[in-house]
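In our numbering, the protein residues as written are 1 to 117.
Just so you know, even glycine gets a beta-carbon here, dropped at the ideal spot from N, CA and C.
Note that the structure is a prediction, hence the values are computed from the model and not measured.
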């Protein structure tokens with residue numbers, strides 16, 4: 001329930017947040033607009049930030065799905081800091097320099113099947 005955003009195919013708003021706050025998730029998948037070691041994980045759609053924060057707070061594991069173009073960019077609204085509590089999954093186009101920087105900072109980042117070993 002709640003308000004519906006057709007362009008994103010998601011519900012948002014107080015009713016949606018109240019519903020999520022009554023649930024528990026073993027895993028959630030977050031699709032942000034930007035990922036930055038310095039400025040955190042962010043989004044441009046402020047209306048969805050509350051939903052994403054509720055999902056994160058009510059889950060055991062957070063998996064951030066972001067294509068390589070999202071890394072080391074910034075968005076308007078910060079969702080959370082990048083840290084070792086979250087896993088990041090991207091594509092194999094991620095620059096080696098960025099990939100190694102995240103690994104050096106003990107961030108769980110996966111860009112291809114070899115990273116799963």
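Go through its chain and collect everything with a Cβ distance to residue i's Cβ below 8 Å, but skip five positions before and after it.
i: residue 103; result: 109
Have a look at residue i and residue j and give me their C-alpha separation to the nearest angstrom.
i: residue 2; j: residue 46; result: 15 Å
i: residue 58; j: residue 28; result: 9 Å
i: residue 75; j: residue 34; result: 6 Å
i: residue 21; j: residue 37; result: 28 Å
Going by alpha carbons, who is nearest to residue i out of the options?
i: residue 30; options: 113, 14, 112 and 10; result: 10
i: residue 24; options: 13, 54 and 82; result: 54
i: residue 90; options: 19, 63 and 76; result: 63
Which class does residue i belong to by DSSP, given the choice of helix, strand or coil?
i: residue 34; result: strand
i: residue 55; result: helix
i: residue 115; result: helix
To which residues of the same chain is residue i closer than 6 Å at the C-beta, ignoring the five residues directly before and after it?
i: residue 92; result: 111 and 112
Excluding five sequence neighbours on each side, which residues of the same chain lie with their C-beta closer than 7 Å to the C-beta of residue i?
i: residue 16; result: 1, 2 and 51
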